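Structure, as structure tokens:
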Amino acid sequence: MGNNIQAPRGTYDVLPDQSAKWQEIEAKIIELCNLYQYKEIRTPIFEHTELFQRGVGDTTDIVTKEMYTFQDRGDRSLTLRPEGTASVVRSFVENKLFGLPDQPVKLFYTGPMFRYERPQAGRMRQFVQFGVEAIGSKDPAIDAEVISLAMELYRSVGLKRLRLVLNSLGDTESRIAHREALVKHFKPRINEFCSDCQTRLEKNPLRILDCKVDRDHPLMATAPSLADYLNEESQAYFDQVKMYLDELGIEYVIDPNLVRGLDYYNHTAFEIMSDAEGFGAITTLCGGGRYNGLVEDLGGPESPGIGFAMSIERLLLALEMEKVEIGQSQNLEVYVIAMDDASKKKAFGIIKELRSNGISADMDYTGRKLKAQMKSADRKGAAYVIVMGETEMASGQVALKEMATGEQQTVAFAEIAGTITKKKSLEE
Ligand code: HAM
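Residue numbers in the sequence shown follow the numbering used here, run continuously in steps of one, and reach 832 at the last position.
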């Protein structure tokens, strides 16, 4: 490493001129989750490695290639979470949330996730996911609710070019039947596939279908489709999910090849893509699906679940592509200019008083001249400016200047905050 330490590859800083966007999105998330009655859950950023091996699946790309795994000083194998579902389900089981009287338990989370992937636009090594999980119901209406929440968040920030892609992965019986068909299909020519796929054939042939290496092999296009192996119950479930989506007026396209990259899914699987121009290879904004069985796999009682996750990074990218501006930063309300040391001391007290009254206030801390301070007030978009010098100190009054109109009003020190509060309430 040289003298100049840089942020690790695939990570980045959210700088002050960008943070208002993040805050607006986070505020929308909280507002929307409240409307849908999803409560926040916060889980640790690292977990026992085994959780993800068992939860996400030890043949997935995430677990085999992308995890940040390390031994801690007590020689435990820990992993920075690559996704949120396994952790949330672990917590659901550990804290016996299945015993709560109101099921399903509807949860949401936002926080950093870590995957060792090749960085590019919309693909980072540390990224922030917003996700929801509804655990404890296998009502197809909750599938539609979860999907609707994801769509609604995108709409609420102003995105329009969205495409919901839907599939059913079926129940265990359907999946076993499909699995056998896949083995039969690929086995005779499996030596033409990459070594990963050769392992997948034995362990989890479905994973072959989302192999990035062999995606153009002719056998891929002719592979047996899950849709043809759905048993009656699975088909009926899928039909109901679609019926509820129709009821909500949410459009979707069915893609029988949508398999998702994590092992815990069954029945409903979905992704929300962006159709905006300018995207590179990555257009998936959000992914999710049903995971009946995951709670049992992690040691809990039968509690079927469904959820999704989306990264804020890809949401921001979609906003950029659709040229939607969000995150107006709040302008400063009062800038106080002090001409000398005595008035600076008083000004310092006044800005504290303003802040205590819920009025944003600032002053100069670098000893600049009047003119430079005026410019600074301008740049900060100050609504009012107060100049304090000998005259003001002698009279105990200031001229409160409203920048938009140029109007000045004489106000006693003690009445500055009250006057501005009154003006603010008149504006509203
Ligand atoms: P996932 O498809 O692996 O699913 O990721 C969900 C979303 O996280 C993606 O659609 C994308 O927005 C974002 N994402 C993933 N990797 C990156 C990355 N390297 N950089 C930026 N964004 C990324 C899950 O994580 C499941 N836990 C979703 C889920 C919740 N299923 C049920 N419940």
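Idealized CB from N, CA, C, for every residue including glycine. This one's a predicted model, so the numbers in the text were calculated from it and none came from an experiment.
Residue i, buried or exposed, once every other Cβ within 10 Å from all chains shown has been counted against 16
| i | result |
| --- | --- |
| histidine 452 | exposed |
| glutamate 737 | buried |
| aspartate 465 | buried |
| glutamine 813 | exposed |
| methionine 647 | exposed |
| lysine 828 | exposed |
| alanine 776 | exposed |
| arginine 718 | buried |
| isoleucine 409 | exposed |
| arginine 485 | buried |
| glycine 691 | buried |
| alanine 798 | exposed |
| alanine 781 | buried |
Beta-carbon proximity list for residue i, same chain, < 7 Å, skipping 5 on both sides
| i | result |
| --- | --- |
| alanine 625 | none |
| lysine 564 | Glu726 |
Near the ligand HAM: residue i beta-carbon under 7 Å from a heavy atom
| i | result |
| --- | --- |
| arginine 458 | no |
| glutamine 533 | yes |
| leucine 455 | no |
| glutamate 717 | yes |
| leucine 695 | Going by the sequence as given, residue 695 is tyrosine instead of leucine. Checking every heavy atom of the ligand HAM against the Cβ of tyrosine 695, one is found closer than 7 Å. |
| phenylalanine 496 | no |
| phenylalanine 674 | no |
| tyrosine 415 | Sequence inspection shows threonine at residue 415; the tyrosine mentioned does not correspond to that position. No. |
| leucine 721 | no |
| threonine 489 | yes |
| phenylalanine 683 | no |
| glycine 665 | yes |
| glycine 515 | no |
Spatial neighbours of residue i in its chain, beta-carbon cut-off 8 Å, leaving aside the 5 residues before and after
| i | result |
| --- | --- |
| leucine 482 | Phe450, Glu451, His452, Thr453, Thr473, Phe474, Gln475 and Asp476 |
Cβ-Cβ separation, residue j to residue i (assumed contact under 8 Å), whole Å
| i | j | result |
| --- | --- | --- |
| methionine 767 | tyrosine 739 | 7 Å |
| leucine 774 | isoleucine 824 | With 8 Å as the limit, leucine 774 and isoleucine 824 do not qualify as a contact, their Cβ atoms being about 22 Å apart. |
| threonine 514 | valine 493 | In fact, because the Cβ distance is near 17 Å, the residues do not count as touching under 8 Å. |
| tyrosine 669 | leucine 573 | 5 Å |
| proline 708 | serine 541 | 7 Å |
| arginine 611 | threonine 489 | Arginine 611 to threonine 489, Cβ: 18 Å. No contact. |
| isoleucine 710 | leucine 649 | At roughly 13 Å, the Cβ-Cβ gap does not stay under 8 Å, so isoleucine 710 and leucine 649 are not in contact. |
| leucine 702 | arginine 458 | 7 Å |
| alanine 424 | glycine 731 | 4 Å |
| glycine 693 | arginine 664 | 6 Å |
Distance cut-off 7 Å: residue i Cβ against heavy atoms of the ligand GTP
| i | result |
| --- | --- |
| threonine 688 | This structure does not include the ligand GTP; its bound ligands are the ligand HAM. |
Other residues of its chain near residue i: CB distance less than 6 Å, five sequence neighbours each side excluded
| i | result |
| --- | --- |
| valine 657 | Val569 |
| aspartate 659 | Val569 and Asn571 |
Inter-stretch contact at 8 Å, needing at least 3 Cβ pairs: the segment 614-632 / the segment 554-564: With contact defined as three or more Cβ pairs closer than 8 Å, the segment 614-632 and the segment 554-564 are not in contact.
query: Between the segment 671-691 and the segment 642-662, do at least 3 Cβ pairs fall closer than 8 Å?
result: Short answer: they touch.
message: Could you check whether the segment 512-529 touches the segment 436-445, counting it as contact only if at least three pairs of C-beta atoms, one from each stretch, sit closer than 8 Å?
response: yes
- prompt: Is the segment 744-764 close to the segment 575-587, with three or more CB pairs under 8 Å?
  reply: no
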